[in-house]
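Structure, as structure tokens:
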Amino acid sequence: MPSIARCKEQQDYFVKIATLDDLSGIASLLAETFSLFYPSVYQCLCDRFHFPNFINLIATNNFGIMGTIEMAFLPEENACYLFNLATDAKIRNQGIGAKLLNCMEAIAHLLNIKDLYLQVLADNFKALRLYSKLGYQPCFVQPTTNNFVILLHKSI
3 MPSIARCKEQ
13 QDYFVKIATL
23 DDLSGIASLL
33 AETFSLFYPS
43 VYQCLCDRFH
53 FPNFINLIAT
63 NNFGIMGTIE
73 MAFLPEENAC
83 YLFNLATDAK
93 IRNQGIGAKL
103 LNCMEAIAHL
113 LNIKDLYLQV
123 LADNFKALRL
133 YSKLGYQPCF
143 VQPTTNNFVI
153 LLHKSI
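Okay, here's the thing in structure tokens:
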């Protein structure tokens, strides 16, 4: 796996590749952020963690996991799918989500990936603003039962 030393933050946290020891904390953050059932989230993380084309980054400090993001490589399409970007609700709007996205983009670039994709609910205005600021553009909208899911794309 490529080095992500350039992604380290000089402030109160740093970004690193998640290990098996981090899965419980990641599952807790995802369950809380997305109102999901912890055991299911934990099991899905454990399953994905062993996929060869998967990586999970966390922003962490001495107190625990502050944020996370996952990426699945789609080598046959020369693309990556980013998902489950989450930051602790108590410390949002401090650049952690942007830092995690930037680190994933750096890894994708090192792997010669050309296209990044992610999904967001249409009513998640803060996330849409962040993704737009970082260069992600809508490429497809899918209606759901009570909302719309927007697929965003960024060429790197």
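So the mapping is simple: my numbering equals the position in the sequence shown, first residue as 1, plus 2.
The beta-carbon is built from N, C-alpha and C at its ideal position, and this holds for glycine as well.
If you're wondering where the values come from, they're calculated on a predicted model, not measured in any experiment.
Please identify the residue among the options whose C-alpha is closest to the C-alpha of residue i.
| i | options | result |
| --- | --- | --- |
| M73 | E34, N114, L118 | L118 |
| D14 | V143, S157, G97 | G97 |
| I71 | L38, A29, H52 | A29 |
| N63 | F75, D24, G27, F16 | F16 |
| K18 | V151, C105, A33, K156 | C105 |
| K92 | L76, A108, A81, I67 | I67 |
| I115 | G137, N126, D125, E78 | E78 |
| A20 | G137, C48, N80 | C48 |
| T146 | Q139, D125, L32 | D125 |
In three-state DSSP terms, what is residue i?
| i | result |
| --- | --- |
| L113 | coil |
| I19 | strand |
| F39 | coil |
| P54 | coil |
| F65 | coil |
Flag this pair as yes or no: are the beta carbons of residue i and residue j separated by less than 8 Å?
| i | j | result |
| --- | --- | --- |
| N95 | L123 | no |
| L59 | L102 | yes |
| L154 | L113 | no |
| F39 | N55 | no |
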